[in-house]
Structures are given as C-alpha cells and as structure tokens.
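Worksheet: the structure to be examined is printed underneath.
Number of protein chains: 2
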Amino acid sequence: MQELAPKGLEGVYVDKSEIATTDKTGNLVYRGYKVIDISDRLSFEQIAYLVDYGKLPTSDELKTFSKFLLDNSRLSEGSVKIAELMKGRNLIDILRTVVSSLQVDSVDAESLVSIAAKFPEIIYCGANGGSPPKIKGNSYRERFYYLLTGTDDPEKGKLLEKILIMYMEHEFNASTFALRVTASTLADPVCAFTTALATLKGPLHGGANSEVLRFLLKIRNNEEVRKYVDTAMEKKEKIMGFGHRVYKDKDPRAQYIKGILVKTFPDNLAVRNAVFMEEYIWEKKKLAANLDFYGALYLHLLGIEEKYYLSIFAAARVFGWVAHYSEQRSNNKIIRPLALYTGKTDLNL
Amino acid sequence: MQELAPKGLEGVYVDKSEIATTDKTGNLVYRGYKVIDISDRLSFEQIAYLVDYGKLPTSDELKTFSKFLLDNSRLSEGSVKIAELMKGRNLIDILRTVVSSLQVDSVDAESLVSIAAKFPEIIYCGANGGSPPKIKGNSYRERFYYLLTGTDDPEKGKLLEKILIMYMEHEFNASTFALRVTASTLADPVCAFTTALATLKGPLHGGANSEVLRFLLKIRNNEEVRKYVDTAMEKKEKIMGFGHRVYKDKDPRAQYIKGILVKTFPDNLAVRNAVFMEEYIWEKKKLAANLDFYGALYLHLLGIEEKYYLSIFAAARVFGWVAHYSEQRSNNKIIRPLALYTGKTDLNL
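Taken in order, these protein sequences are the chains called U and F.
So the first sequence is numbered by the numbering used here: it starts at 111 and just counts up by one.
So the second sequence is numbered by the numbering used here: it starts at 111 and just counts up by one.
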C-alpha cells in the first residue's frame, strides 16, 4: 500500500523558498529581515520592493518603483465596467473578477507588479462604482487610505501601512501555495493571481476576520468574554481569530498590531476586551490570537468599513504573490501529486 | 535539516479519493468503471452523473439531470455583458472571468452542476458575442456541438461526446489539485472553479494542444516527421503532446481517440502522419502520445476551430471538478504546506 502524505500537507516541506520564514523564536522574516524590526523604519514601497526583488532598494530604485506603482494604478475603461456590472457583490468577488479580466502575459517582475499596483483602485471601483478620483498623495499608504475612506489623514495612513506590511507575505499559506500550483503549469500571472484571490476568500484562510470584529464590538465586559469562550469550548467550536498552522506560540504579527492598538487607543473598550480575550484563551487552551483577531479591530479603529478588510489583505499579500510567482517560474516543475484511490473497482455495466 | 517532499509533489499521494484512478494495466477508471468500456455505451450526461453522484443514474434521475443541465445553461445579462467587454481575448480568459463573476454560495451537488451547465453558452458568448440562440437539441452533445459550429450534425455530435468523456476527469491533475486547495479554505464553488480554470491555462497542463495541431496539419510525409522529431531530440526540446506524469506506458484515452480517428478518417494524411509520429517517438524515446496529441486533430476533423479546444477541455473537466469540490468539502482540512527556507537570515538595517 502506498504511503499517504499528512492530511492538508501539514508539516510537509513542498519546496524551497528564499522569500519568507518564521525563525526559531517565532519571528516572521522577509528576505532575511525581521518584519517587526523593519516595519517601524521602512515604507510599504521599500518592503514590497524588498520582498519582490530580494534586496532593499537604493533611493533611485525606490523613486522608480514608487512612480511605477502610481503609473500602473489606473484602471482601463473595461475594468471599470466589469466592476460596475458586479456592483453590490462582495468586494473580493469583484477584485478577483476584474483581475481575471486583465491581460498580462510577460512574467518579469515589473509586469507582475503592474497587476498588484491596480488593486487599490479596483477595490475603490468595486465599492463606489465609476473611475477613482486622481489622488494627490505621493505614498502608496496615503493613496490607499484615501481610496478606502475618502479622507486625508497622514497619521491613520501610517497606521494602515503597518498592517499592510504585516499582511504582505507568509510563505506557503493556502492562497500562495495554490498560486504556485497555477504558476507551475506556466499559466500567465493573471491566472496565478486570480487563483490566489479565489483561495483567499475561504473563511479558513482570509475570510474570517469580520466575525471576530462583530463579536469584539458587541461585548461589554470581561464576564461576557468568559461566557462566550467557555460556551464555545464546551461545544468544541472553533473560535475565529485564534490558532495558526505555523505559529504554535504567539503570532508575532498579532503581537505587533496589538502593541500599536494598546498604545494608540488605550481607553478603547473593544481593545481592552480583546486583550482580555486573548489572555483568557491562551490561559485556557494555549491557543494564540492570530493576525486576523487584532487586524479587524485595528482596521475598524482606522475608520475603515468592514467590507474592505479581505480585499485590503489581498492588496498587501499580492506583493508576496509577485515574489512567489517569480520564484516558482525560476525553478519550475509542474505541481501534480497523486490521489490514493479508495473507490470501487471492476464494475461493469 | 527538514526533509523536502519530491519536487512538484511527483509520486506523492496527498489525499484519498474515490472518484477516478488508473488501474494496474493503465486503464482510466471513473467510479469503478473503465472509461473506454462505458464511453461507447453511455451518454455524456450519464457519465457526468456517475462522476458527480458516485453511481449511474436511473432513467428518472437521468431525465431530471438532463433537464437540470438544460435549465441552468442560460446566461444572465450580466454574464453576457462581461463576455462582450472581453471580446477578442483568448476564450479561456473569458470563460474564467465570467465564471468568476457568478454567485453560487451553496455547496450541494446541484449548485455545483448549475455552474458547470453554463460553460457551453459562456464559450459561445465569448466567441460570438450576444446571447446564444435557443437550441432545440435534447442532448448535451447536440447543443454543445451546435454552439461550437453553428451546425446540426448528430454523427459529429456523437464523436464530440466521446472526447468530452475522455477529458472529464483525471484525479489530482494540476487544475483539480489547485481547486482542492481553494476548496480546502472553504471558499465557495465559484472560487474553486475559477482557480481550476486559471490553472488549466498553463501550457504544461491544458494549454498545449494547439501547437501539436499546427504541426500535424503542416507535415506532408514520414520523412518530415522524422526530421522534426530528430531535431527536437538533438536539441533536447520537449515535444508537445508526448509524455504524461501518470502514464508511463500508453495513455488509454489517447489510444481510444486514435482508434476512432483511424476508423472514421482512414485516408486522412494528418491522421496517418500522427500515427507514424506516435510510433516513431515511442520507438526512439519510449514516450507515449497523450490525449492532447490526438485530441486536437480529432476536434479539428470534427470541424471545430482551434480557439475552442482548451475551453472544450474545461467544459468536460468541470464535471470532474464538481466531484472533487464535494469530496474535498466532505472530509476537509486546509491544504497548507510549508516552505523550506533557504534565504538569508539575521539581516539588519
């Protein structure tokens, strides 16, 4: 009998990668740098460049890259029309479909980044219809914050940037792995990003943070937290926002975002309840809060509506997908495993 | 050091499946039945039902299923408009994008089949624009053949049906495996089918058969075949249409289609050259012709234009995808492997 790999490929190293990892102490590392170290000192553009090109940009390279992001951010008339035809639908469905409609056959990093650069305007267009206004902001974070909220707020833009950096890359998560399967057939970048967006929608991956937020905004005190958690545990229900396949200890990204939340909104009831909930679940079950748990509350307190959260995640993660598409193509073999057949045999009509 | 799985997951059994397999003698089996045995005696609808529901339909079930396929084949105005906005693009891009725009959240087999049922009309609409005509044909094969060629031809419709059956299902090929990764996040069926369509486009998977056809229609005699093959071998180039990860011996689907070709078009020069080419490459390299090799020529001789081939493959395979989506959801664990990090560590700003 053939040996079966662990279910869900849990713990299976399917390929090498030079993009990101979690080091021995549970830190997330992008291209050799600890993310929580660089996120205070570098911009979204600098870190996206690092992830996609494997090194930090010089100041000239950064200028060119930032201009490239801006120049490639605008949508064609066709893209705007497709988004309008889907008005009212879940934003991630619109984002996936508009990306799927793009035509990019070249596989160089610039071509890949040119797709990623369009995500903020596709999201705007999916939410509001019509072409996005021309934005004056010079930085990616300012333009994106403006498209999400219609307001200029440099401080909140900076806070948005931090979570975008946390969401940017996380090695072979389900959407990235699915993207690599698509890329391994030599399908074009649009196909690969479409696959990743389709996979991100699943509640076990990217689609779970709204539920967490609704709960955090509803609870009034620690007693309610305890009751909610105890009931869920008795019923053996999964508590959204807790646990992660890779982090068995604390999720460093969640801890980083929690740190900003506590510092920026020290008196906020939901923040205090969230911190209590994290501690209570850790104490009871040794299950750590993941990035979604604090991420949803964080975006809410930046004044961003819930409908945007999953697409914001996608707009950050796509810069990781760029790197994974390139890496897969640079040393490719089609990803084509086997199924262990356990069905009937030898049936006849 | 961690152990790395074989590159491309070659030879790795990633999960159990009861849908399809190749048996010890290299036969392809759907739900226990040898495909080449049932394809002469059962209709596309019967075999699609077998694959999707795990058993052959009774005559009442078959009637209901056939009616369901017909009732769900029509496109919404929105779908037609999206296809029109993409006019002139590769049909598989239009098919993928229109499927991505659909909204189906339920995960029962009927909901999944309701998406699959739309593929022929999406393909028509992508190629011709506008709403498809209402077709009188009672069978799936007749309607599909009419949409592809604009002609009624019951004999050719029957031949189309044979290759649709061969294309329908093939366990964990790249598109199906990618679909299962997407399904494993509990993403909805539209997401999963979109992923599969995105993955099918890669030339190492579904996208390779046009090149084969162009060559077969160009060559005049055996001498040219020999020269082409010898040159490719000297340059160590891959010859499209030959070799398959699963079939190390003959591909039973290719042999079945070859049998029909030789019987139906015995004097056709391209058919004769194809048979010679298959024998020559087998003799020289022990590489077997795969389904794409004979499939493209077969569709050409049915009077179907080359631009349709990949989408026809998709319209057949989607009935396999229905079964795999259901199977993945019925015993699910998120497919989330690990990357073996080989990049830099401990960098500082």
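We put the CB at the ideal spot given by N, CA and C, even for glycine.
Since the model is a prediction, treat every value here as computed from it, not as a measurement.
Residues of chain F with CB under 7 Å from residue i, in chain order?
| i | result |
| --- | --- |
| G198 (chain U) | In chain order: nothing, as chain F lies at least about 10 Å away. |
| T207 (chain U) | T207, S210, S211 |
Measuring straight from C-alpha to C-alpha, what distance separates residue i and residue j?
| i | j | result |
| --- | --- | --- |
| E437 (chain U) | F386 (chain U) | 41 Å |
| G240 (chain U) | E194 (chain F) | 19 Å |
| C235 (chain F) | M343 (chain F) | 41 Å |
| Y250 (chain F) | I202 (chain F) | 20 Å |
| N400 (chain U) | R363 (chain U) | 8 Å |
| D262 (chain F) | H410 (chain U) | 59 Å |
| E171 (chain U) | F178 (chain U) | 10 Å |
| T132 (chain U) | P447 (chain F) | 14 Å |
| N442 (chain U) | K117 (chain U) | 24 Å |
| K134 (chain U) | L289 (chain U) | 27 Å |
| E281 (chain F) | F287 (chain U) | 19 Å |
| T452 (chain U) | K126 (chain F) | 6 Å |
| S221 (chain U) | N378 (chain F) | 44 Å |
| R336 (chain F) | K394 (chain F) | 10 Å |
| R324 (chain U) | A384 (chain U) | 12 Å |
| E271 (chain F) | S186 (chain U) | 40 Å |
| P264 (chain F) | G247 (chain F) | 10 Å |
| Y123 (chain F) | A449 (chain U) | 5 Å |
| Y435 (chain U) | A302 (chain U) | 7 Å |
| K311 (chain U) | S440 (chain F) | 19 Å |
Who are the neighbours of residue i on chain U, taking C-beta pairs under 9 Å?
| i | result |
| --- | --- |
| T455 (chain F) | T131, D133, V139, G142 |
Tell me whether residue i sits in a helix, a strand or coil according to DSSP, three-state version.
| i | result |
| --- | --- |
| A226 (chain F) | helix |
| K144 (chain U) | strand |
| V139 (chain U) | strand |
| F429 (chain F) | helix |
| L166 (chain F) | coil |
| L407 (chain U) | helix |
| F154 (chain F) | helix |
| L119 (chain U) | helix |
| A297 (chain F) | coil |
| A237 (chain U) | helix |
| A398 (chain F) | coil |
| L412 (chain F) | coil |
Can you pull the chain F neighbours of residue i, defined as C-beta to C-beta under 8 Å?
| i | result |
| --- | --- |
| Y123 (chain U) | Q112, E113, L114, A115, P447, L448, A449, L450 |
| F282 (chain U) | R446, P447, L448, A449 |
| P151 (chain U) | Checking the sequence shown, residue 151 (chain U) turns out to be Arg, not Pro. Correct list: L459. |
| K311 (chain U) | T295, A297, D298, C301 |
| K443 (chain U) | K117, G118, E120 |
Output, in chain order, the set of chain U residues within a Cβ distance shorter than 8 Å of residue i.
| i | result |
| --- | --- |
| Q213 (chain F) | R199, D203 |
| E128 (chain F) | Y451, T452, G453, K454 |
| T305 (chain F) | A288, T292, T304, T305, A308, T309 |
May I ask which residues mark the beginning and end of the alpha helix (DSSP H) holding residue i?
| i | result |
| --- | --- |
| A130 (chain F) | Note, A130 (chain F): premise wrong, no alpha helix (DSSP H); beta strand (DSSP E) at 130-132. |
| F175 (chain U) | 169-181 |
| F254 (chain F) | 250-259 |
| K272 (chain F) | 264-277 |
| R290 (chain F) | 284-294 |
| K394 (chain F) | 379-395 |
| Q365 (chain F) | 362-374 |
By Cβ distance below 8 Å, which residues in the same chain neighbour residue i in space, the five residues on each side in sequence not counted?
| i | result |
| --- | --- |
| H315 (chain U) | N283, A284, S285, T309 |
| D166 (chain U) | In the sequence as displayed, the identity of residue 166 (chain U) is Leu instead of Asp. For L166 (chain U), where only same-chain residues beyond five positions count, the Cβ hits under 8 Å are L152, Q156, Y159, L160. |
| N137 (chain U) | K144, V145, I146, P362 |
| R141 (chain F) | E128, I129, A130, L160, V161, G164, K165 |
| S183 (chain U) | A227, K228, P230, E231, R253 |
Report all residues from its chain with a CB closer than 6 Å to the CB of residue i; omit the five preceding and five following residues, and keep chain order.
| i | result |
| --- | --- |
| L258 (chain U) | I414, Y418 |
| A426 (chain F) | L274, Y277, M278 |
| D298 (chain F) | D215 |
| N332 (chain U) | F386 |
| K197 (chain U) | G239 |
| S320 (chain F) | E416 |
The beta strand (DSSP E) spanning residue i covers which residue range?
| i | result |
| --- | --- |
| V124 (chain U) | 123-127 |
| Y451 (chain F) | 448-451 |
Residues of chain F with a CB under 9 Å from the CB of residue i: which are they?
| i | result |
| --- | --- |
| P376 (chain U) | Result: empty, since nearest Cβ-Cβ is about 29 Å, beyond 9 Å. |
| I245 (chain U) | Those do not exist, as I245 (chain U) stays about 25 Å from chain F at its closest Cβ, beyond 9 Å. |
Whose C-beta lies closer than 7 Å to the C-beta of residue i among residues of the same chain, with five residues either side of it excluded?
| i | result |
| --- | --- |
| A226 (chain F) | V428, F429, V432 |
| T304 (chain F) | R206, V209, S210 |
| I391 (chain U) | V339, I349, F352, L397 |
| N200 (chain U) | none |
| A380 (chain F) | L326, L327, L407 |
| I445 (chain U) | R290, V291, S294 |
| K360 (chain U) | G136, A398 |
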